[in-house]
Each structure stands twice: as C-alpha cells, then as structure tokens.
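Going down the list, the sequences are from chains A, B, C and D.
In terms of our numbering, the first sequence opens at residue 1 and continues consecutively.
In terms of our numbering, the second sequence opens at residue 246 and continues consecutively.
In terms of our numbering, the third sequence opens at residue 491 and continues consecutively.
In terms of our numbering, the fourth sequence opens at residue 700 and continues consecutively.
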Amino acid sequence: MGGRFGYGPLNLDNVKLKGHENKSNVFDKPWHAKVWAFAHLTGALGIWNLDVSRRFRESLPINDYVNFSYYEKWLAALTNILVCYKLVTEAELNKVVEETINKQRSGLGTDEAKNKKCTGNPNWDAPDRIAVMKTLGWGGGSVRESELKPKFLNGEKVETIFGNPNPDVKGGHTRLPGYAMGREGIIYAYRGVHVFPDKNAHGFGEEPQPLYTVEFSSRDLFGKDAEAYHKVFLDCWEPYLRRSR
Amino acid sequence: MGGRFGYGPLNLDNVKLKGHENKSNVFDKPWHAKVWAFAHLTGALGIWNLDVSRRFRESLPINDYVNFSYYEKWLAALTNILVCYKLVTEAELNKVVEETINKQRSGLGTDEAKNKKCTGNPNWDAPDRIAVMKTLGWGGGSVRESELKPKFLNGEKVETIFGNPNPDVKGGHTRLPGYAMGREGIIYAYRGVHVFPDKNAHGFGEEPQPLYTVEFSSRDLFGKDAEAYHKVFLDCWEPYLRRSR
Amino acid sequence: MKNQKEIEYPDVALNHRSLPSDPELRVRAIETLLLEKKLIKTESIDAIIDLYENKIGPINGAKVIARAWIDKKFKERLLSDARSAIQELPYIGKQGYNIIAVENTKTVHNVVVCTLCSCYPWSLLGIPPSWYKSDQYRARVVREPRKVLSEFGLKLSEKIEIRVWDSTSELRYLVVPEKPKEADGLVEKELVKYITRDVMIGTALVKVS
Amino acid sequence: MKNQKEIEYPDVALNHRSLPSDPELRVRAIETLLLEKKLIKTESIDAIIDLYENKIGPINGAKVIARAWIDKKFKERLLSDARSAIQELPYIGKQGYNIIAVENTKTVHNVVVCTLCSCYPWSLLGIPPSWYKSDQYRARVVREPRKVLSEFGLKLSEKIEIRVWDSTSELRYLVVPEKPKEADGLVEKELVKYITRDVMIGTALVKVS
Numbered sequence: 001m002g003g004r005f006g007y008g009p010l011n012l013d014n015v016k017l018k019g020h021e022n023k024s025n026v027f028d029k030p031w032h033a034k035v036w037a038f039a040h041l042t043g044a045l046g047i048w049n050l051d052v053s054r055r056f057r058e059s060l061p062i063n064d065y066v067n068f069s070y071y072e073k074w075l076a077a078l079t080n081i082l083v084c085y086k087l088v089t090e091a092e093l094n095k096v097v098e099e100t101i102n103k104q105r106s107g108l109g110t111d112e113a114k115n116k117k118c119t120g121n122p123n124w125d126a127p128d129r130i131a132v133m134k135t136l137g138w139g140g141g142s143v144r145e146s147e148l149k150p151k152f153l154n155g156e157k158v159e160t161i162f163g164n165p166n167p168d169v170k171g172g173h174t175r176l177p178g179y180a181m182g183r184e185g186i187i188y189a190y191r192g193v194h195v196f197p198d199k200n201a202h203g204f205g206e207e208p209q210p211l212y213t214v215e216f217s218s219r220d221l222f223g224k225d226a227e228a229y230h231k232v233f234l235d236c237w238e239p240y241l242r243r244s245r
Numbered sequence: 246m247g248g249r250f251g252y253g254p255l256n257l258d259n260v261k262l263k264g265h266e267n268k269s270n271v272f273d274k275p276w277h278a279k280v281w282a283f284a285h286l287t288g289a290l291g292i293w294n295l296d297v298s299r300r301f302r303e304s305l306p307i308n309d310y311v312n313f314s315y316y317e318k319w320l321a322a323l324t325n326i327l328v329c330y331k332l333v334t335e336a337e338l339n340k341v342v343e344e345t346i347n348k349q350r351s352g353l354g355t356d357e358a359k360n361k362k363c364t365g366n367p368n369w370d371a372p373d374r375i376a377v378m379k380t381l382g383w384g385g386g387s388v389r390e391s392e393l394k395p396k397f398l399n400g401e402k403v404e405t406i407f408g409n410p411n412p413d414v415k416g417g418h419t420r421l422p423g424y425a426m427g428r429e430g431i432i433y434a435y436r437g438v439h440v441f442p443d444k445n446a447h448g449f450g451e452e453p454q455p456l457y458t459v460e461f462s463s464r465d466l467f468g469k470d471a472e473a474y475h476k477v478f479l480d481c482w483e484p485y486l487r488r489s490r
Numbered sequence: 491m492k493n494q495k496e497i498e499y500p501d502v503a504l505n506h507r508s509l510p511s512d513p514e515l516r517v518r519a520i521e522t523l524l525l526e527k528k529l530i531k532t533e534s535i536d537a538i539i540d541l542y543e544n545k546i547g548p549i550n551g552a553k554v555i556a557r558a559w560i561d562k563k564f565k566e567r568l569l570s571d572a573r574s575a576i577q578e579l580p581y582i583g584k585q586g587y588n589i590i591a592v593e594n595t596k597t598v599h600n601v602v603v604c605t606l607c608s609c610y611p612w613s614l615l616g617i618p619p620s621w622y623k624s625d626q627y628r629a630r631v632v633r634e635p636r637k638v639l640s641e642f643g644l645k646l647s648e649k650i651e652i653r654v655w656d657s658t659s660e661l662r663y664l665v666v667p668e669k670p671k672e673a674d675g676l677v678e679k680e681l682v683k684y685i686t687r688d689v690m691i692g693t694a695l696v697k698v699s
Numbered sequence: 700m701k702n703q704k705e706i707e708y709p710d711v712a713l714n715h716r717s718l719p720s721d722p723e724l725r726v727r728a729i730e731t732l733l734l735e736k737k738l739i740k741t742e743s744i745d746a747i748i749d750l751y752e753n754k755i756g757p758i759n760g761a762k763v764i765a766r767a768w769i770d771k772k773f774k775e776r777l778l779s780d781a782r783s784a785i786q787e788l789p790y791i792g793k794q795g796y797n798i799i800a801v802e803n804t805k806t807v808h809n810v811v812v813c814t815l816c817s818c819y820p821w822s823l824l825g826i827p828p829s830w831y832k833s834d835q836y837r838a839r840v841v842r843e844p845r846k847v848l849s850e851f852g853l854k855l856s857e858k859i860e861i862r863v864w865d866s867t868s869e870l871r872y873l874v875v876p877e878k879p880k881e882a883d884g885l886v887e888k889e890l891v892k893y894i895t896r897d898v899m900i901g902t903a904l905v906k907v908s
C-alpha cells in the first residue's frame, strides 16, 4: 500500500476541521460504532490475539480489501475469525443472515435499526471492562522482559530483508511493508524487545524480538519516484534486518 | 499480480471444455464483443500505440482494476484514452452518458440492446481492415532493425533490477513484473531488438532494446512460498538486466 | 488462551462473503449471532461506544501537549519517555502503548501514518479521521508528503526536513508541535483549544487566532 | 502518428468513472460517441466481431500442431522459428507475432500465462478463455503451477519439470504437446480434433478416446 501509485487527492470534504474544533469525527454511522465495539469485545475474550485479528483484516481477498470501507474490513475479518475459530459455524452464519434479511423484508428490522442512542453504562462487568481496556492498549502492550540483547547499534547501517519475510507460513503475515523490502537504512533507535507479529499472528507464540526504529531516505525507498528528499521512519523487528553489505 | 496471495481456486464452471471441443468461448455477452471491437478499431487509428493502451489498462485505480471484469477494464481504459488524447471532451462524455441513461429510462434503449446478431461484412474498407489486422499482430510486430548488439550471452547469470524500472516517469509503465524484481536468473535465449514499452507507453518513441527470455528457478522468485521446484521464463528487455554480482 | 497452534488457518477465509450486501444488515446479522452465543452483551457494546464517543478523543492529546508547552521538565520527559510522562498526568490514565513523542522544530516537521492498517494513538487522539484510514493518504504520504500536506493547506519550505513515521509496530507516534509566539502568556486551558487532532498527526500547524 | 511527447499524461485518469454502472449502458454510451465522432463505423465493428466469432480460434493452432506431428521437418522448423514455419501453412496466414513454440516431452511440461495483462496468441488460439484472464490464474500459476494444473484435472509426476512462460513481451508462446501413442496412424484432419485450446496453453494433455 505505502508508495503505491494510482491514487488521486485526499477526500477532505467531510473531515476538514472547522476552526479549532478539537474533536474527532467519532463515528459517521451507527453501524460503524457497532463494528468497532464487536471487534474490541470479541478481542477481549482472549481467544485470539491482536496480530491474528490484524492478519485476518490484511489477508482479505484483494478485491474485497480495496473496496470495503474501513469498518467493512473489520466486520469481514471478524466474521472470518468467528468461523475459523469455530465460535460460529457456517450453517449458523447462513441461518442468521437469512433471518436478518427476512426480518428486513417484512419490515421488522426497521425499528431496531433506529437504535436507541447509546447512553453508556458505567456498571458493566468489571472483568469485561479490564479485558477491553487491555485490548485498547491501556494495559498489556507488546514489550516483553527478555534476555535478548539488540544486535544492532544506533547509527548502524542496515539492510531490510527481501522476499519472504515470514519463513513459517506461505504468504504469511508480516509488518515489513513491501515498499521497504531490500532497502538500506540506519538504526535510529532501539525500542526494547516486543512481541513478534510474524509468529504471533499464526499461533506460534509471541517469540519476542528486539525492535528498532529505522531511518530511510525517501530516495533509497522510492528512487526517483519520491517527490523530494525526506525521511521515512519504520519500526522493524530484528529478523527483518541484516548488517548492510 | 503474479505470485500474489489471497486467491482461491480457479472458477472453471463455465469454461471446462466438453470432450474435445475445439472452440474458444468467444464472447460471453454481446457487449464484450463490442468493447473488443472498439479497442481494436480505435487502436487502428494509429493515434496511440499498443503500449499506451496497455499502460492505460494497467494504471486504472486499483479498486477499479481488481473489481472490473476483463472487458470493463478495456472499456474504462479506452474512455480515459479518448479524453486524454482529446478525441472526446469530458463535456461530450457526460452528455452522451446522460442521453444514454435517459433513453434507457424511457424504454428507448431496449430495442437497440437486443442488437441484431453481427453478420460480418467482407466489404469493409480495405485501409480499415489492414490497420486492424496490424493491431492484431498480423503485420507489424515489435522487432526492429537495429545496430544494437546484445550485451548478454545465453547461459549467462543475470540479475533483474530492483526499484524504479522506469527512470523517466514516476510510477511509469513497465513490463518487469514485481515478483521478478531484484532476482537472479539465467539468459535462456536472445530474441532480437524489440520496441521498449517503458519508453513507448509514455510517448518517448520506440527506443528498441535487446530482448531476452530469462530463466528463473521458482525458489529464487518466491523462496519457500513456491510450491516446489519449477522454472519460470520471462521476457526481459536489456535495461531490466545487469550482470550478476 | 487456547493453544493457537491447533487452529488451522485457511489460505483465504471467505465466510464474510455470505453476509448481505447492505452493511447495516451485515452488522445486524453478526450482532444477533454474537448476542445469541453470549459472546458479547448489549451493555458492553453501549459502554465501548460511549467510551469512544464521549470519553476519549483528541482532547487527551491536547492536554499532554499543552502541559509540555508550559512545563519544560515535563516536555523533556515526554520526549525521552512519553509513556511514563503521560502517566504522571492524572486526567489521562495509564498508557499501555509505547507512545513516542516526536518534536517539530524550525527545521523538522513530523507526520504520522500507518501504511499497513491504521494504527493510531487511540487513547490520546480517539478514533482516527477517515482520511487517515484512506488508501490515498496511506499510499501517498510516505512517497510525496509535501504534496499530501499541501492538500491540507500546509505548504512547508523546502528547507524543512519532513519526517514521516510509519506506525508498523505497537509504538504510537504523537507529534509535539511548536508553540507559536502568539500563544505566549496563555494558560494551559486556553492552549488546549489550539492543539487540534491534525496538529498532533502532523497535517496542520498550530494557529492561534 | 502524432508527436506523443506533447500528450500530457495524467497521474490517474478517472474519466471512466463518469460512465453508468451498468456495463451495457456504458458500452452503448461509448459506441454512440465513437460513431458520432466518426472514429469507427458500424460495418467495421461487425467485421471485427465476425472475425473473432467465426474466423479465428484454436482450430488454427491445432492445424499447426497436427502438421508438426505428421511432418518431422516442419516440427523442427516450428521449434526453431515458429513464425516463418507457420507462414508456410497456407490456411493460417501471416503472423506478426514472434511465436515461440515450446515442446512438451517425457520430462518437461510447459504452461503459458501473462501475469501482467492477458497476452495470448490470438491469431492461433482466438479469444482467451475467462480463466486465463482471471486474477486467480495469473497470480497463482507462476508460484504454484502444480496445484493450479491439478484444478484442471492434470496431475503431473514430481519428476516432470514444469516450465511456466510468462508472456511479458510481444513474443507469444504456443505449447507443442506430445503426440500420444493412440494417435498413431490418424490423419492430419483427425488429429486436429484432439488438439484442444487447453492443450496448447498447457493446462491439459492430449486425450485420444
């Protein structure tokens, strides 16, 4: 995605902030809010981890991926996870879809659709609340205690790997963007030992690895396609890097 | 596209040949045939070249590209070319679209839609016919007389370039597929000097270059993501190649 | 947590394609299913939405920046270890993220993106705006940040180095803008008003009118 | 040909987005425009369609292969310079393409794709089948040809080397299949029946029943 050609200007029609308004748009539509809530609440069940859910969102078939809106992607990924993790069977899914459509056709769905405005409920179960907060990043986080020492020093020249970043799974999950594969950069900062998504997203455990922020020049990343000189900083786990030749 | 993950099995429902039937499906729908004809006939006008039309098809915005059917891509690219080459103005395009929709709404379009079966007309203008045949590859072709001598020998180890194959145009047209960038291969055959699409698609002239068929091992292209050992052969123009280090 | 090694991951999971085409219906179907299976509760849905609609948002980030503008020592701590610095502020709450604060100066302008998905410092800035999640922004800002920023009306001198931070890990980037001269003498509460969401993403400069 | 250097190429050309969503209407709009502007003629449209529907198709390729099976010298010429070999055959016509004939043997199986678009030897095989133009085929056959071929019902021994030809240039690849024992003694006209389109793309083997 990063660096890809073929996109026009940003659409800022609905999102330009007026004056010094200090609010985010929150949710454009009620169903966006619902999807957001479902994703966080089911995530808080602790059956799959953050990297698994990212993996499901990113591995949607490309024609769905590029045409789904943001929240449609989240919903589609959640649906696939629910079936994949056997919390829901395909038959149950098909049944509820049929029922929902029938209700809608017979006009029964419309009242429900005009959902009451969410009022918030401060009394929701504490365990739920803590689990959700954790998925939101209030607790947890991805840093892990480890005896691993970082292999690279700040300022050291490195090269990102090229080809198959994930050695375990064909076409597996990775957090090294395509535009930064096989490129030269400089270690900008060491960030501690973090859960390694390439393993964690496929159920191979957290396998934490040293994480660095790496500095790239725009020319090294995009050559003449970069508009002018600027720097791009990426967080890279140690297995993505090797000493520059 | 080549090598990309996230696709399911082929859809062979409608296309499995029964017995030893020796026909292609030709056109599934009458409008497919029309698009095909428009593309060839306008191509035969000689205002743009083959590489320009490919470039327009391949540079469709990705969300159109992945969701358009084959002939929709051809039609969209043709529409963009017509406006870009000023054969048609945006205003004319919008007007005819409006008229077409209005006709359709008032039921006027339907008769035309049930178009008479094309019967063929052997008497169409000879110049037309020759020009069309040329775009079909009956004449012309892409080989050019040249004093250029090939730099590489059969069996020589080469490396494909990596990064921006097109030095002239940001995100410009190229025929080196992403999956084969920055890979090692072996010159399999020299194919003569051919029109160079990276230049020709952008109106910089034909700038012919030596063309080779290069042999790659599947492991060198896709690493562990390749299913097993096989070979992939690609045609590469000389500027895509350098001597292997 | 179950042993995830036992889960068989399909090459391509396509169950989502059996959902209806209208997104509202899609959501309703999944909601019915999740409630029936007791995987979620109505009250929890309400609570989460309430949290994002009413409790967290860019005001949190603005408070952090305003404090840094007023308190030099706090700013130093923010730039060296943002997570623990932010935890000193009673009105923000514990940060699970490793927040990295990046400072705009006379010669450097920072801008944040996530090209892979839409990672964003939710706890400080709330839900990201649509453009932050758009293909256009994600594809273009790493390659042509000046052009993208100019679409926001932000024209930077060629002399200013642009630093684009692509949030590929669980680190979350927060841009610390320069305090404009016009803001001198304003108290914390007033400063907060000028520190907008876009300023903290890096697609706007602080304007004190 | 106009001086193309003067043409300004836009970053992204989006005029196609003003077309109606129904493809049939889209086509009708463009047809009206092209005819009004006299850029094309109705008779020419008919003639092109007729050409593809009735005059060219895989039968042309099959004739080439059948001749090669019967005439050893012709086969040699076909494998070394297919274009001029094919031009010897009066019933095919002049080939503008540089056709490259690739031979299947006991140890090698060839299969053709165009991962970039859908390049195909039209003059010999007609319009490519939908699957040849599909994302699935184009994405997968270079990486996992055995799995793709097995979906066609073609299971090849691990000992057979698969060669995938990605048609990135104006060269056009034609697979020359092995003549099965059962075909011995058949005349050219009969052989043609068994040489199907898929056999010449490489996604099927010749079956003489």
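Idealized CB from N, CA, C, for every residue including glycine.
Please read these numbers as outputs of a predicted model, since none were measured by experiment.
Item to check | Given residue 141 of chain A as reference, the closest of C/636, C/504, C/611 once Cα atoms are compared | outcome: The residue given as residue 141 of chain A occupies position 141 in the first sequence. With distances taken between Cα atoms, residue 141 of chain A lies closest to C/611.
Item to check | As assigned by DSSP and simplified to three states, the class of residue 401 of chain B | outcome: One-based indexing of the second sequence puts residue 401 of chain B at position 156. If DSSP states are grouped into helix, strand and coil, residue 401 of chain B belongs with coil.
Next on the checklist: I need the straight-line Cα distance from residue 654 of chain C to residue 231 of chain A, nearest angstrom please.
Outcome noted: Along the third sequence, one-based indexing puts residue 654 of chain C at 164. Along the first sequence, one-based indexing puts residue 231 of chain A at 231. So the two alpha carbons sit approximately 6 Å from each other.
Checklist entry - Closest Cβ-Cβ distance between residue 339 of chain B and chain D: below 9 Å? => result Stepping through the second sequence from its first residue, residue 339 of chain B is reached at position 94. True, the Cβ-Cβ gap to chain D drops below 9 Å.
Checklist entry - Any contact of the region 514–532 of chain C with the region 436–446 of chain B, i.e. 3+ C-beta pairs under 8 Å? => result no
Item to check | Where residue 233 of chain A falls: helix, strand or coil (DSSP) | outcome: Residue mapping note: residue 233 of chain A aligns to position 233 of the first sequence, counting from 1. Residue state, collapsed to three classes: strand.
Item to check | Neighbour list for residue 713 of chain D in chain A, Cβ cutoff strictly below 7 Å | outcome: The residue labelled residue 713 of chain D in the question sits at position 14 within the fourth sequence. Neighbours of residue 713 of chain D on chain A, chain order: 8.
Checklist entry - At which residues does the alpha helix (DSSP H) containing residue 285 of chain B begin and terminate? => result The residue given as residue 285 of chain B occupies position 40 in the second sequence. Here the alpha helix (DSSP H) through residue 285 of chain B covers 275–288.
Checklist entry - Using DSSP with H/G/I as helix, E/B as strand and the rest coil, what is residue 462 of chain B? => result On the second sequence, position 217 is the one that residue 462 of chain B refers to. In the structure shown, residue 462 of chain B sits in a strand (DSSP, three-state: E or B).
Item to check | Residue closest to residue 881 of chain D, alpha-carbon to alpha-carbon, out of D/892, D/908, D/829 | outcome: By one-based count along the fourth sequence, residue 881 of chain D stands at place 182. Per the Cα distances, D/908.
Checklist entry - Roughly how many angstroms separate the alpha carbons of residue 572 of chain C and residue 590 of chain C, rounded to a whole number? => result Position 82 of the third sequence, counting from 1, holds the residue named residue 572 of chain C. Position 100 of the third sequence, counting from 1, holds the residue named residue 590 of chain C. Rounded to the nearest angstrom, the two C-alpha atoms are 6 Å apart.
Next on the checklist: Quick check on residue 446 of chain B: does DSSP put it in helix, strand or coil?
Outcome noted: Taking the second sequence and counting its residues from 1, the one referred to as residue 446 of chain B is at position 201. DSSP places residue 446 of chain B in coil when its eight states are reduced to three.
Checklist entry - Taking 9 Å as the CB-CB cut-off, is residue 768 of chain D touching chain B? => result Locating residue 768 of chain D in the fourth sequence gives position 69, counting from the first residue. Chain B, which has no Cβ nearer than 9 Å to the Cβ of residue 768 of chain D, makes this no.
Item to check | Below-9 Å beta-carbon distance, residue 186 of chain A vs any chain C residue | outcome: In the first sequence, residue 186 of chain A corresponds to position 186, counting from 1. No - not a single Cβ of chain C is within 9 Å of the one on residue 186 of chain A.
Checklist entry - Whose Cβ in chain D lies nearer than 8 Å to the Cβ of residue 422 of chain B? => result Taking the first residue of the second sequence as 1, we reach residue 422 of chain B at position 177. Within chain D, the residues near residue 422 of chain B are 814, 815, 865, 867.
Checklist entry - I think residue 535 of chain C touches residue 37 of chain A, with their Cβ atoms under 8 Å apart; what is that distance to the nearest whole Å? => result Here residue 535 of chain C is taken as the residue at index 45 of the third sequence, counted from 1. Here residue 37 of chain A is taken as the residue at index 37 of the first sequence, counted from 1. Correct: roughly 4 Å between the Cβ atoms.
Checklist entry - Who are residue 430 of chain B's beta bridge partners in DSSP? => result Position 185 of the second sequence holds residue 430 of chain B. Answer is B/403.
Checklist entry - Under 9 Å, do residue 841 of chain D and residue 463 of chain B count as touching if we go by C-beta distance? => result Position 142 of the fourth sequence, counted from the first residue, corresponds to residue 841 of chain D. Position 218 of the second sequence, counted from the first residue, corresponds to residue 463 of chain B. Going by C-beta atoms, residue 841 of chain D is nearer than 9 Å to residue 463 of chain B.
Checklist entry - Can you find a C-beta in chain C that's less than 9 Å from the C-beta of residue 58 of chain A? => result Taking the first sequence and counting its residues from 1, the one referred to as residue 58 of chain A is at position 58. Yes, its Cβ sits closer than 9 Å to a Cβ of chain C.
Checklist entry - Quick one: what does DSSP say residue 759 of chain D is sitting in, helix, strand or coil? => result Translated into positions along the fourth sequence, residue 759 of chain D becomes position 60. If DSSP states are grouped into helix, strand and coil, residue 759 of chain D belongs with the helices.
Next on the checklist: Just verifying my parser: in three-state terms, what is the DSSP assignment at residue 593 of chain C?
Outcome noted: Within the third sequence, numbered from 1, the residue matching residue 593 of chain C stands at position 103. In this structure, residue 593 of chain C counts as strand in the three-state DSSP scheme.
Next on the checklist: Nearest by alpha-carbon distance to residue 455 of chain B: which of B/340, B/479, B/330, B/394 is it?
Outcome noted: Counted from its first residue, the second sequence places residue 455 of chain B at position 210. For the residues B/340, B/479, B/330, B/394, the minimum Cα distance to residue 455 of chain B belongs to B/394.
Checklist entry - Quick one: which chain B residues come within Cβ less than 9 Å of residue 835 of chain D? => result Locating residue 835 of chain D in the fourth sequence gives position 136, where the first residue counts as 1. The answer, in chain order, is 252, 253, 254, 255, 256.
Item to check | CB contact below 9 Å: residue 510 of chain C versus chain A | outcome: Position 20 of the third sequence, counting from 1, holds the residue named residue 510 of chain C. Yes, contact with chain A.
Checklist entry - In angstroms, rounded to a whole number, what distance separates the CA positions of residue 776 of chain D and residue 770 of chain D? => result As a first step, residue 776 of chain D is located in the fourth sequence; it is residue number 77 there, counting from the start. As a first step, residue 770 of chain D is located in the fourth sequence; it is residue number 71 there, counting from the start. C-alpha separation (whole angstroms): 10 Å.
Checklist entry - When DSSP labels each residue in this structure, what does residue 294 of chain B get in the three-state scheme? => result Taking the first residue of the second sequence as 1, we reach residue 294 of chain B at position 49. Of the three classes helix, strand and coil, the one that applies to residue 294 of chain B here is coil, per DSSP.
Checklist entry - Going by alpha carbons, who is nearest to residue 506 of chain C out of A/58, A/87, A/77, A/96? => result In the third sequence, residue 506 of chain C corresponds to position 16, counting from 1. For residue 506 of chain C, the nearest C-alpha among the options comes from A/77.
Checklist entry - Per DSSP, residue 598 of chain C forms a beta bridge with which residues? => result Reading the third sequence from its first residue, position 108 is the one you call residue 598 of chain C. Bridge partners of residue 598 of chain C: C/651.
Item to check | Length of the line joining the Cα atoms of residue 868 of chain D and residue 850 of chain D | outcome: By one-based count along the fourth sequence, residue 868 of chain D stands at place 169. By one-based count along the fourth sequence, residue 850 of chain D stands at place 151. Their Cα atoms are separated by approximately 27 Å.
Checklist entry - What separation, rounded to the nearest whole angstrom, lies between the Cα atoms of residue 313 of chain B and residue 302 of chain B? => result For this step, residue 313 of chain B is matched to residue 68 along the second sequence. For this step, residue 302 of chain B is matched to residue 57 along the second sequence. One C-alpha to the other measures close to 11 Å.
Checklist entry - Would a check of beta-carbon distances place residue 642 of chain C closer than 9 Å to chain A? => result One-based indexing of the third sequence puts residue 642 of chain C at position 152. With 9 Å as the cut-off, residue 642 of chain C counts as an interface residue toward chain A.
Next on the checklist: So residue 748 of chain D and residue 278 of chain B are supposed to be a Cβ contact under 8 Å. How far apart are they, rounded?
Outcome noted: By one-based count along the fourth sequence, residue 748 of chain D stands at place 49. By one-based count along the second sequence, residue 278 of chain B stands at place 33. Confirmed, Cβ separation roughly 5 Å.
Item to check | According to DSSP, residues forming a beta bridge with residue 662 of chain C | outcome: Taking the first residue of the third sequence as 1, we reach residue 662 of chain C at position 172. Residue 662 of chain C pairs with C/589.
Checklist entry - What did DSSP end up calling residue 904 of chain D once you bin it into helix, strand or coil? => result The residue labelled residue 904 of chain D in the question sits at position 205 within the fourth sequence. In the structure shown, residue 904 of chain D sits in coil (DSSP, three-state: anything other than H, G, I, E or B).
Next on the checklist: For residue 241 of chain A, report the span of its beta strand (DSSP E) as first-last.
Outcome noted: Here residue 241 of chain A refers to the residue found at position 241 of the first sequence. Unbroken beta strand (DSSP E) run through residue 241 of chain A: 241–243.
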